[in-house]
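Line order of the protein sequences matches chains V and X.
The first sequence lines up with residues 5 to 195 when you count with our numbering.
The second sequence lines up with residues 7 to 532 when you count with our numbering.
Beta carbons are placed, not taken as given, at the ideal position from N, Cα and C, and that holds for glycine.
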Amino acid sequence: MYKQITITGFGGQGVVLAGRIVGQAAAIGDSLESTLVQSYGPESRGGACSAQVTIADGPIYFPYIQNPDILVCMSQSGYDKQYPSLKKEGVLIVEQDLVKPTDGRDHFAIPCTRFAEELGNKMMANIIMVGFLAAITEAVSLDAARATVAESVPKGTVEKNLKAFDRGWEFAQATLKGRRHKAAGQIGVVA
Amino acid sequence: MPTDFKIVLFLCNWGPHVAYQTLQDQRADIPVEIKMVRIPCSGRITKALLFKAFEMGADGVLLIGCQSGTCRYGTGTAAALENTEDTRRIMELMGLGQERLQLGNFLPDQPEALLAFLQRFTEQIRRMGKSPIVPAANTTAPAAGGPSPEAIAAGLDVFACQDCGKCTSACPLALAGKSFSPRFVAAEVIAGRAQRPEVRAAVNACLTCGTCYERCPSAVNFPEFIKAMRHYYQGHELTPAPAHGGFFQSMMRAMTAEALVPRRWQELPDNIRVRAQGPILFYGGCASYFDIFFRKFLNPQTGHILEDSLRLLNFFDVEPVLLTDERCCGHDLLWSGDRENFQRLAALNARAIAASGAEELITACPECWHALSQEYPRHGVTLPVKITHMHEFLEREIAKGAVAFKSVEGRIAFQDACRQSRFNGQAELPRKLLGRLTNGTPLVESGAPSVCCGNSAWTGCDAFSKRMQVQHIERAKAAGGEMIVTACPKCQIHLGCAMEDVMRGEELKMEMMDLTSVIARSIYWE
């Protein structure tokens, strides 16, 4: 197993924290190897920024990612910059309201910023995205990811953030359920 | 061979009675179990009367009328055929067996055929054995020892009534022109005049919709007061005024017999998936019985609410467990004053629900939901399951996302279910669900929750309830409503009845559908 995940977005969206949670969950919770490369520079003042997480069941010799298996885009500029590098059979996940994919490629979408606002704080969009990512890609286990979220967020916001994580996880389950039904030809209730 | 079976024979005065008399004159061998009741016309024996005999302990009932074409009144034979057919279907559904009720038609000169028919039927009943129903007279303990009207008033603090009249000014019955006033009932009972016939009639007439409680500045819980008073009258020879001849009350009382095993869910469409064991139990309620009972005039399709609910559960990957011997929840018995039999039903239901091993019970009927979640615990029956209304389940699943709706055309008037919107303050929930379907088109509203559909607990329907329903539909139409969306099978039946006015023709007709069905038709995976 060797999974390369790139998460992109604006500076301030919590992209790096999301990457750290995923990597830490894999390393500590799931007893795998993981590395994280975070891009600094002008990006931390806004603009596209990214986190590159590699998860493997053996040693990782090179932490940088040229062609990710999983690409998570939380901003349009991040998508524009990173999308060409995504592997052909790779999984694309986007923030539904902020990113409009330019080609017809099959992808997963979640309006995580909107959900975060509904939950009371749009800073939690990244945690919702982690929940969604974990459920869709199974890169990390539910327990590991949840426990890591609880450890990584400021004290006093743990409960809220776990709620956000579950929101993303449940949305992913609903999305997968919908895809299963659609594949079986059951699009509506009566049809 | 005399037995202790009881067979009631309703015998038409005209054609067949002559044949019966011939048999008596000949001292023919009429089975001794048969007790003959002479009636003017077989067409006048309603479903309620046919069933009442079973409630009172009959093992078999025969309705014998004139042969087709020889009815003195023209339509008696056809009416008898329909009444018997519908009652038989209901008896089959509730597990009594349709064979216990039969219709025969004979000419005056057919005594031999009549005798053979009587003997054959008696033989069949002997083979089938005693009816599982325990006659109500043997079970209903007189509740005369219950609290006095004054104690009821004190217990619910009806004394807090300030006699301000806000209740009457909001009461839908009073607004429809009936001389009915909640505060009148309160004042009379407080003054010790509960025995007056006017007070009894008023207690019966109340819709128990809860509008007065909503308006009362002293928060006098009038529906609870009415419920307690009806129970008091039940134990004091109240002449109840149940609608539809008391058929539904009879049916519910019959279901308190432990030996009776209903046969529900026999005709589910194949594409609905259910399981024998599982964490989620779906409780249907009485919609299927209503559809049979009202087939002739209204032909309601409230059974579709149950099917659509099951389909929606399947849509969200839930395969529910069904109780094939599901009984009535007892809501209407409680609200028409028969607390003893309600408690009997509750105990039987509690046992069946516990035996199913489920963790959560979902029901699409607001009355079942209210009874199971509120009235059962209040009467000392705790269920080992979480009670969820179908709307709550839908909101929970829809909120998870990934589903979308084909928006519904036309403006919708929503008919609240009193047990959901008023009694449990959940008027917002169905509106939230509807909001997703209507694409921003506002509902037709004149102050939510909407006015009562006209009745509850199959009690006290009269011209004023009808007037109220008609006004209600007219208002919805005038405000541009094109479709009524309901949340209770009874609202469908009552409003559907109001639309059937012959004098008004098509004027009141409006499309009507349950919220669950509307959602089932428009939801899809995104």
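Beta-carbon separation (whole angstroms), residue i vs residue j, contact threshold 8 angstroms
i: arginine 428 of chain X; j: glycine 216 of chain X; result: 4 angstroms
i: leucine 354 of chain X; j: asparagine 347 of chain X; result: About 11 angstroms; that fails the 8 angstroms criterion.
i: leucine 318 of chain X; j: leucine 400 of chain X; result: 7 angstroms
i: glutamate 142 of chain V; j: cysteine 116 of chain V; result: Glutamate 142 of chain V to cysteine 116 of chain V, Cβ: 18 angstroms. No contact.
i: serine 294 of chain X; j: threonine 465 of chain X; result: With a Cβ gap of about 21 angstroms, serine 294 of chain X and threonine 465 of chain X do not count as contacting.
i: cysteine 212 of chain X; j: isoleucine 232 of chain X; result: 5 angstroms
i: leucine 316 of chain X; j: proline 326 of chain X; result: 7 angstroms
Segment limits, beta strand (DSSP E) that includes residue i
i: tryptophan 20 of chain X; result: Where tryptophan 20 of chain X is concerned, there is no enclosing beta strand (DSSP E), given that its DSSP letter is neither H nor E.
i: leucine 274 of chain X; result: Looking at the DSSP string, leucine 274 of chain X is not in any beta strand (DSSP E), and its letter there is neither H nor E.
i: glutamate 346 of chain X; result: Not the beta strand (DSSP E): glutamate 346 of chain X falls in the alpha helix (DSSP H), residues 345-362.
i: tyrosine 289 of chain X; result: 286-289
i: glycine 172 of chain V; result: Glycine 172 of chain V -> not in any beta strand (DSSP E); alpha helix (DSSP H) instead, spanning 162-187.
i: serine 54 of chain V; result: 52-60
i: alanine 419 of chain X; result: 418-421
i: arginine 279 of chain X; result: Arginine 279 of chain X -> no beta strand (DSSP E), and no H or E assigned at all.
i: phenylalanine 66 of chain V; result: Unbroken run through phenylalanine 66 of chain V: none, as it is neither H nor E.
i: cysteine 77 of chain V; result: 74-77
i: isoleucine 490 of chain X; result: 489-492
i: isoleucine 368 of chain X; result: 366-369
Beta-carbon contacts of residue i that lie in its chain and below 6 angstroms, excluding the five residues immediately before and after
i: alanine 30 of chain V; result: Leu36, Ser38, Ile59 and Val144
i: valine 19 of chain V; result: Ile11, Gly13, Cys53 and Ala55
i: serine 379 of chain X; result: Ile393
i: glutamate 373 of chain X; result: His337 and Arg425
i: valine 57 of chain V; result: Ile9, Gly23, Val26, Gly27 and Leu40
i: serine 137 of chain X; result: Asp65
i: arginine 95 of chain X; result: Ile298
i: glycine 182 of chain V; result: none
Limits of the alpha helix (DSSP H) - the one that residue i falls within
i: histidine 395 of chain X; result: It is not in any alpha helix (DSSP H) - histidine 395 of chain X instead sits in the beta strand (DSSP E) that spans 392-395.
i: isoleucine 232 of chain X; result: 228-240
i: serine 427 of chain X; result: 424-427
i: leucine 137 of chain V; result: 129-141
i: serine 315 of chain X; result: 309-321
i: arginine 206 of chain X; result: 203-211
i: threonine 174 of chain X; result: 172-176
i: serine 379 of chain X; result: First-last for serine 379 of chain X: undefined, no H or E at that position.
i: phenylalanine 299 of chain X; result: 293-299
i: leucine 102 of chain V; result: Unbroken run through leucine 102 of chain V: none, as it is neither H nor E.
i: arginine 126 of chain X; result: 117-134
i: alanine 148 of chain V; result: 146-156
Collapsed DSSP secondary structure at residue i in the structure displayed
i: tyrosine 6 of chain V; result: strand
i: leucine 439 of chain X; result: helix
i: lysine 483 of chain X; result: helix
i: phenylalanine 112 of chain V; result: strand
i: glycine 161 of chain X; result: helix
i: glycine 502 of chain X; result: helix
i: serine 88 of chain V; result: It should be pointed out that residue 88 of chain V corresponds to proline in this sequence rather than to serine. Proline 88 of chain V: helix per DSSP, three-state reduction.
i: glycine 251 of chain X; result: helix
i: methionine 519 of chain X; result: strand
i: phenylalanine 11 of chain X; result: coil
i: alanine 463 of chain X; result: coil
i: glutamine 108 of chain X; result: strand
i: alanine 96 of chain V; result: Residue identity differs from the one stated: residue 96 of chain V is leucine in this sequence, not alanine. If DSSP states are grouped into helix, strand and coil, leucine 96 of chain V belongs with the strands.
i: lysine 126 of chain V; result: helix
i: glutamate 37 of chain V; result: strand
i: tyrosine 530 of chain X; result: strand
i: leucine 55 of chain X; result: helix
i: valine 67 of chain X; result: strand
i: arginine 199 of chain X; result: coil
i: isoleucine 40 of chain X; result: strand
i: glycine 216 of chain X; result: coil
i: threonine 93 of chain X; result: helix
i: phenylalanine 303 of chain X; result: coil
i: threonine 28 of chain X; result: helix
Close-in-space but distant-in-sequence residues of the same chain around residue i (CB under 8 angstroms, 5 per side omitted)
i: alanine 182 of chain X; result: Phe470, Ser471, Arg473, Met474 and Gln477
i: aspartate 35 of chain X; result: Leu121 and Gln125
i: proline 117 of chain X; result: Ala25, Tyr26, Thr28, Leu29, Gln32 and Ala34
Residues of its chain near residue i, where Cβ-Cβ distance is below 7 angstroms and the 5 sequence neighbours each way are ignored
i: serine 224 of chain X; result: Ala166, Cys167 and Gln168
i: methionine 5 of chain V; result: Ala60 and Asp61
Stretch pair the stretch 119-132 of chain V + the stretch 162-171 of chain V: three plus CB contacts closer than 8 angstroms: A contact between stretches requires three or more CB pairs, one per stretch, nearer than 8 angstroms, and the stretch 119-132 of chain V meets this requirement with the stretch 162-171 of chain V.
Contact between the stretch 170-186 of chain X and the stretch 461-470 of chain X (3+ Cβ pairs under 8 angstroms): For the pair of segments examined, the stretch 170-186 of chain X was found to touch the stretch 461-470 of chain X: the number of CB pairs separated by less than 8 angstroms reaches three.
Inter-stretch contact at 8 angstroms, needing at least 3 Cβ pairs: the stretch 46-55 of chain X / the stretch 177-194 of chain V: Flag = no, the stretch 46-55 of chain X and the stretch 177-194 of chain V do not touch.
Meets three-Cβ-pair contact criterion under 8 angstroms: the stretch 97-117 of chain X and the stretch 11-23 of chain X: Yes: at least three Cβ pairs fall under 8 angstroms.
Three-pair Cβ contact test at 8 angstroms for the stretch 432-448 of chain X versus the stretch 187-206 of chain X: Look at the beta carbons and you see the stretch 432-448 of chain X not touching the stretch 187-206 of chain X: under three pairs across the two are nearer than 8 angstroms.
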